[in-house]
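All remarks here apply to the structure that follows.
In mature numbering (1 follows the signal peptide of the UniProt record, and there is no 0), the protein residues as written are -20 to -1, 1 to 123.
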């Protein structure tokens, strides 16, 4: 190995160590004690069906109570709240885990790229938001 090659290896090693330290610090800062890691909403590839199989609407929330449905980072109450939905807001149903729906939604009524088949199975990342909501507060109306 040349001197130049040896220096490159040491620099690469230092960069990888720095990335690992930053990643660990970021994870510990973003995770509150008792919170679980994020579970992405995964869109299954199926050439014969839409990416998300149904449409629904948030309903039944008490306007005198909290008045919102917590969107969580995973299926369950121990996952962090990442957003809020309100009565009459629409969602796309993409997956189910127990009593929790993995949904895609947009507050701006934009096209979310889930009303056509996907060619590969992957987590939903754009252009709308995604998360997990309890099935009690959403009603399927199409799909």
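We put the beta carbon where it would ideally sit given N, CA and C, even for glycine.
### For residue 79 and residue 114, believed in contact at Cβ under 8 angstroms, the rounded distance
Within the chain shown, the letter at position 134 stands for residue 114. Within the chain shown, the letter at position 99 stands for residue 79. Sure, about 6 angstroms apart at Cβ, within 8 angstroms.
### Message
Assuming contact is defined by CB atoms lying nearer than 8 angstroms, are residue 86 and residue 38 in contact in what I supplied?
### Response
Mapped onto the chain shown, residue 86 falls at position 106. Mapped onto the chain shown, residue 38 falls at position 58. Between residue 86 and residue 38, the C-beta spacing is not below 8 angstroms.
### Task
Given a cut-off of 8 angstroms, decide if residue 94 and residue 23 are closer than it, judged by their beta-carbon atoms.
In the chain shown, the residue the question calls residue 23 occupies position 43. In the chain shown, the residue the question calls residue 94 occupies position 114. Yes, the pair counts as a contact, with Cβ atoms nearer than the cut-off.
### Message
Please list the terminal residues of the continuous beta strand (DSSP E) segment that includes residue 110.
### Response
Your numbering for residue 110 matches position 130 in the chain shown. Start and end: 109 to 114.
### Task
Using the Cα positions of residue 100 and residue 27, report the straight-line distance between them to the nearest angstrom.
For the purposes of this step, residue 100 is taken as residue 120 along the chain shown, with counting starting at 1. For the purposes of this step, residue 27 is taken as residue 47 along the chain shown, with counting starting at 1. Computed Cα separation, rounded: 9 angstroms.
### Query
Using the rule of at least 16 other Cβ atoms within 10 Å of the residue's Cβ for burial, across every protein chain shown, is residue -5 buried or exposed?
Taking the chain shown and counting its residues from 1, the one referred to as residue -5 is at position 16. Reliability of the predicted coordinates at residue -5 is poor, the pLDDT of 37 falling under 50, and no value is obtained from them.
### Task
For residue 107, count neighbouring C-beta atoms within 10 Å of its own C-beta (all shown protein chains included) and say buried if the count is 16 or more, exposed if not.
Along the chain shown, read from residue 1 onward, the residue named residue 107 stands at position 127. Flag for residue 107 reads exposed.
### Query
residue 19 and residue 55 look like a contact to me (Cβ under 8 angstroms); what is the Cβ gap, rounded to whole Å?
Position 39 of the chain shown holds residue 19. Position 75 of the chain shown holds residue 55. Contact flag correct, Cβ pair sits at about 6 angstroms.
#### Entry: Test item: CB-CB of residue 122 and residue 30 under 8 angstroms
Taking the first residue of the chain shown as position 1, residue 122 is located at position 142. Taking the first residue of the chain shown as position 1, residue 30 is located at position 50. No. Outside cutoff.
### Query
What residue from 70, 71, 50, 74 has the CA that sits closest to residue 63's CA?
Here residue 63 is taken as the residue at index 83 of the chain shown, counted from 1. Relative to the Cα of residue 63, the nearest Cα in the group 70, 71, 50, 74 belongs to 50.
### residue 63, enclosing beta strand (DSSP E) - first and last residue
Looking up residue 63 in the chain shown gives position 83. Counting along the chain, the beta strand (DSSP E) containing residue 63 begins and ends at 61 to 65.
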